[in-house]
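Each protein sequence line maps, in turn, to chains V and B.
Residue 6 is where the first sequence starts when you use the numbering used here, and the numbers rise one by one after that.
Residue 358 is where the second sequence starts when you use the numbering used here, and the numbers rise one by one after that.
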Amino acid sequence: MMGAIRVLVANRPRLMRELVMAAISDQPDIEIVGEVEEESAIVAAIEKSHPDFVIIALDRSRGLPAFYEPILQNHPQMKALAFALDRTYFTYYWASLRIQSKRMEASEAGILDALRGRAEPTERLQ
Amino acid sequence: MAVEGKITVSILSSNRLLRESIARILHKKKDIEVIGAECADFSSANKISLSLPAIWVSDSLDSFINQIRPLFGRKNEAGGKCVLMAMADDAKQFLKAVSHGVLGYVLEEGSADDVVSAVRGVALGQAVCPAHLTRVLFDYVSSQMNNPYSSRARKQFKLTRREQQLIPLVSRGLTNKEIAAELNLSEQTVKSHIHRMICKIGVENRFGIGAACEISQLDA
C-alpha cells in the first residue's frame, strides 16, 4: 500500500489490541504491518516492518514501559501510542532529543487523528 | 427496542474507544443490533434502558451493580442480562459478578469474538464464561454444598464467617483449645465466638449449636 501510514499493533491485553485493530483496520490510508502478542517480539517486529507508529500498552504506573525509551530514541521517525483498558486516554510518545508525550482521549477519532498527524505533538508531559 | 430477529445490545463503558470499537464489531454481525453505546453513568444507563436492550455489555462490574442492576429486578428480567468484558482473571471478582446476576464473562485476554459469542450465548439463555472459571464455579458450589451450615446459618442466625467456620468444629465435640489450634486463634477468642453464637442461635450451651444449625438446614 503506497503512502499508507504503517502501524504495528503490539499492545496488551488481547481484547484491547483487537479493539484498536477494529478501530483502524477499515481505513484506506492506514496499513497494519503486524500484530505482536509478546513484548519480547516487539523489537524484531519493528526492525522487520519499519512502522510509522507502534501501538503499545502503558505500564503499571501508566507511563511508557522503560524498554521503549531506547527503541524510540533509536527510531526517531517512529512514534508510539500507548493504551490501557482502564484509562479513558491514550498517550502519544515521540523522541525529540528526549522522550516527549501527550495525552489524548481514547476514541476512534482520537487514534485516527494521532495516526494521521492531525494531533500535533506539542504538549510535553514528561 | 425490538429489532425483529436480532439480538439488541446496549454498551455501557467509560472508555470511549472500547465502546466504539465493540459497537463496530457487533454491528457487523447480522444477528446483532447495537441500539446504544454510552458512557457508564446512571443517567446514560437509564436513557438507553428505555430502548429495552436484550443484552447489556459493560467493562465494569461496579457499573453493572450500580447503574444497570437497579433498573431491573434480581432475576434477570427481560433487558437485564449482562455480559461483562475485558475483565481481569480474578476468581473472587468472577464469583461476585455471578452472585450479582451477570451471565456472560469475557476476560481481558479474551478476544473480540469471545464477546460476540458471549452475547449470542446469553441471548439464548445460557451463561458464558471461560472454561477455567467454570471450574471455579464448580469448586465454589461444591464447597457450599459440603458446608451445609453456611448460607442458612448466615441468613437465619446472622452468624459471621468466622462463626460459621466454628459450627462443624463445635459439632465434632472439639474443645476450645483444639478449635483454637485448628484455626490458629487464641483460646479466649474461640470462647468469645462460641458465647456469641450461643446468644445468636438461642441455645443453652455449645452442644446445641450444631443441632440447631442442622435443623435450620433441613428446614431450608
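Even glycine gets a Cβ: it sits at the ideal position worked out from N, Cα and C.
Within chain V, partners of residue i - CB distance below 9 angstroms
i                : result
Gly567 (chain B) : Chain V residues near Gly567 (chain B): none, gap ~46 angstroms exceeds 9 angstroms.
Alpha-carbon to alpha-carbon, residue j and residue i
i                : j                : result
Val391 (chain B) : Tyr98 (chain V)  : 34 angstroms
Ala114 (chain V) : Gly393 (chain B) : 18 angstroms
Arg563 (chain B) : Gln450 (chain B) : 36 angstroms
Asp64 (chain V)  : Ala380 (chain B) : 27 angstroms
Gly122 (chain V) : Gln32 (chain V)  : 15 angstroms
Asp576 (chain B) : Leu481 (chain B) : Low per-residue confidence applies at Asp576 (chain B): pLDDT is 49, beneath 50, and the placement is therefore not dependable enough to give any value.
Thr365 (chain B) : Ser406 (chain B) : 11 angstroms
Asn533 (chain B) : Lys515 (chain B) : 22 angstroms
Lys106 (chain V) : Gln82 (chain V)  : The sequence shown places Ser at residue 106 (chain V), not Lys. When rounded, the distance between both Cα atoms is 15 angstroms.
Ser378 (chain B) : Glu395 (chain B) : 12 angstroms
Leu69 (chain V)  : Thr546 (chain B) : 50 angstroms
Val472 (chain B) : Glu539 (chain B) : 45 angstroms
Glu128 (chain V) : Tyr73 (chain V)  : Because the pLDDT at Glu128 (chain V) is just 48, under 50, the model does not fix this residue reliably, and the point stays unresolved.
Lys387 (chain B) : Ala469 (chain B) : 16 angstroms
Gln131 (chain V) : Lys84 (chain V)  : With a pLDDT of 43 at Gln131 (chain V), under the threshold of 50, the modelled position of that residue is not reliable, and the figure given next carries that caveat. Taking the straight line joining both Cα atoms gives about 15 angstroms.
Ala28 (chain V)  : Leu418 (chain B) : 25 angstroms
Ser30 (chain V)  : Glu23 (chain V)  : 10 angstroms
Leu490 (chain B) : Ser499 (chain B) : 14 angstroms
Lys557 (chain B) : Phe88 (chain V)  : 52 angstroms
Lys548 (chain B) : Val560 (chain B) : 15 angstroms
Asn372 (chain B) : Gln522 (chain B) : 42 angstroms
Lys512 (chain B) : Asn541 (chain B) : 26 angstroms
Thr528 (chain B) : Gly565 (chain B) : Checking the sequence shown, residue 528 (chain B) turns out to be Ser, not Thr. In a straight line, the C-alpha of Ser528 (chain B) is about 9 angstroms away from that of Gly565 (chain B).
Ala50 (chain V)  : His80 (chain V)  : 13 angstroms
Ser101 (chain V) : Pro56 (chain V)  : 17 angstroms
Ser456 (chain B) : Glu52 (chain V)  : 48 angstroms
Gly530 (chain B) : His552 (chain B) : 15 angstroms
Lys385 (chain B) : Ala71 (chain V)  : 38 angstroms
Glu43 (chain V)  : Leu90 (chain V)  : 17 angstroms
Phe495 (chain B) : Ser474 (chain B) : 22 angstroms
Gly467 (chain B) : Ser45 (chain V)  : 20 angstroms
Cβ-Cβ distance between residue i and residue j below 8 angstroms
i                : j                : result
Gly567 (chain B) : Ile524 (chain B) : yes
Phe58 (chain V)  : Val25 (chain V)  : no
Ile61 (chain V)  : Ala15 (chain V)  : yes
Leu383 (chain B) : Val476 (chain B) : yes
Ser112 (chain V) : Leu374 (chain B) : yes
Neighbourhood of residue i by C-beta distance below 8 angstroms, restricted to the same chain and skipping five residues each side
i                : result
Lys432 (chain B) : Because the pLDDT of Lys432 (chain B) is 48, which lies under 50, any placement of that residue in the model is unreliable, and the number read from its coordinates should be weighed accordingly. The residues are Gly458.
Ala445 (chain B) : Leu464, Glu465
Ser408 (chain B) : Met358, Thr365, Ser367, Ile392, Gly393
Cys493 (chain B) : The question names Cys, but residue 493 (chain B) is Val in the sequence shown. Taken in chain order, the residues that qualify are Ala448, Phe451, Leu452.
Asn423 (chain B) : Phe399
Ile104 (chain V) : Leu69, Glu74, Leu77, Gln78, Tyr98, Gln131
Gln483 (chain B) : Leu460
Supposed close pair residue i, residue j - CB separation, criterion 8 angstroms
i                : j                : result
Arg67 (chain V)  : Arg92 (chain V)  : 6 angstroms
Ala454 (chain B) : Leu20 (chain V)  : Going by Cβ atoms, the distance from Ala454 (chain B) to Leu20 (chain V) rounds to 16 angstroms, so no, they are not a contact pair.
His550 (chain B) : Arg519 (chain B) : 6 angstroms
Ser367 (chain B) : Pro410 (chain B) : 4 angstroms
Ile47 (chain V)  : Val41 (chain V)  : 5 angstroms
Cβ-heavy atom distance, residue i to the ligand SAH, below 7 angstroms
i               : result
Ile37 (chain V) : Within the structure as shown, the ligand SAH is missing, as the structure has no ligands at all.
Proximal chain B residues relative to residue i, where beta-carbon distance stays under 7 angstroms
i               : result
Ala27 (chain V) : Ser378, Arg381, Ile382, Ala469
Partners in chain B for residue i, counting only beta-carbon separations shorter than 9 angstroms
i                : result
Glu113 (chain V) : Arg373, Leu374, Glu377, Ser378, Arg381
Interface residues of chain V facing residue i [CB-CB closer than 8 angstroms]
i                : result
Ala582 (chain B) : In the structure as shown, chain B begins at 358 and stops at 577. Residue 582 (chain B) is therefore absent and cannot be evaluated.
Glu465 (chain B) : Pro18, Arg19, Leu20, Met21, Leu90
Listed by chain order, chain D residues near residue i by CB distance under 9 angstroms
i                : result
Glu110 (chain V) : Considering every chain present, this structure includes no chain D. Its protein chains are V and B.
7 angstroms Cβ shell around residue i - same chain, five flanking residues per side excluded
i                : result
Leu86 (chain V)  : Phe58, Ile60, Phe95, Tyr97, Ile116, Ala119
Val479 (chain B) : Ile412, Lys438, Val440, Leu460, Gly461, Val485
Ser415 (chain B) : Leu369, Ser370, Ala397, Phe421, Ile425, Cys439, Leu441
Ser543 (chain B) : Ala537
Ala402 (chain B) : Leu369, Gln424, Ile425, Leu428
Ile35 (chain V)  : Ala9, Ile10, Val12, Ile29, Leu120
Lys363 (chain B) : Asp388, Ile389, Glu390
Arg376 (chain B) : Ile368, Ser370, Ala394
Tyr497 (chain B) : Leu452
Contacts of residue i in chain B (Cβ-Cβ under 8 angstroms)
i               : result
Thr93 (chain V) : Ser371, Asn372, Arg373
Leu24 (chain V) : Leu374, Leu375, Ser378, Ile379, Ile382, Ala469
Residues of its chain near residue i, where Cβ-Cβ distance is below 6 angstroms and the 5 sequence neighbours each way are ignored
i                : result
Ala488 (chain B) : none
Arg17 (chain V)  : Ala62
Met554 (chain B) : Glu520, Ile566
Leu526 (chain B) : Ile536
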